[in-house]
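**Q**
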Amino acid sequence: MPLNIHVIAYGDGWAVVPTGTGDRTYFRTEEQAIAAGTDRAKKEEVQLWIHGPDGQARERKSFGHKPGNVMV
């Protein structure tokens, strides 16, 4: 199970990247990636980190995982 789910800009689109898995799922739009990342984070009960085009984390949502010491 991933520790967190990240939505990041990737190439001409966006990707959902679960930490520690080596997986990456690609999407054409940021909205599609956020929706998919939210669904997976809810299912896995982990945090969703949404990064801007510059790579900086701009939002964090928790789904069953208490914020605190977290691996980004």
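Under the numbering used here, think of the first position of the sequence shown as 20, with each following residue one higher. Note that the Cβ used here is the ideal one computed from N, Cα and C, for glycine as well.
1) Exposed or buried, which one is ALA52 when buried takes at least 16 other CB atoms within 10 Å?
2) Since I believe GLN66 is in contact with ARG79 (beta carbons under 8 angstroms), could you give me their beta-carbon distance rounded to a whole number of angstroms?
3) What three-state label does DSSP hand GLU78 in the structure shown?
4) Thinking C-alpha only, which one of SER81, GLY83 and GLY71 is nearest ALA28?
5) So, helix, strand or coil for GLY32, using DSSP?
**A** So, from the data block:
1) buried
2) 6 angstroms
3) strand
4) GLY71
5) strand
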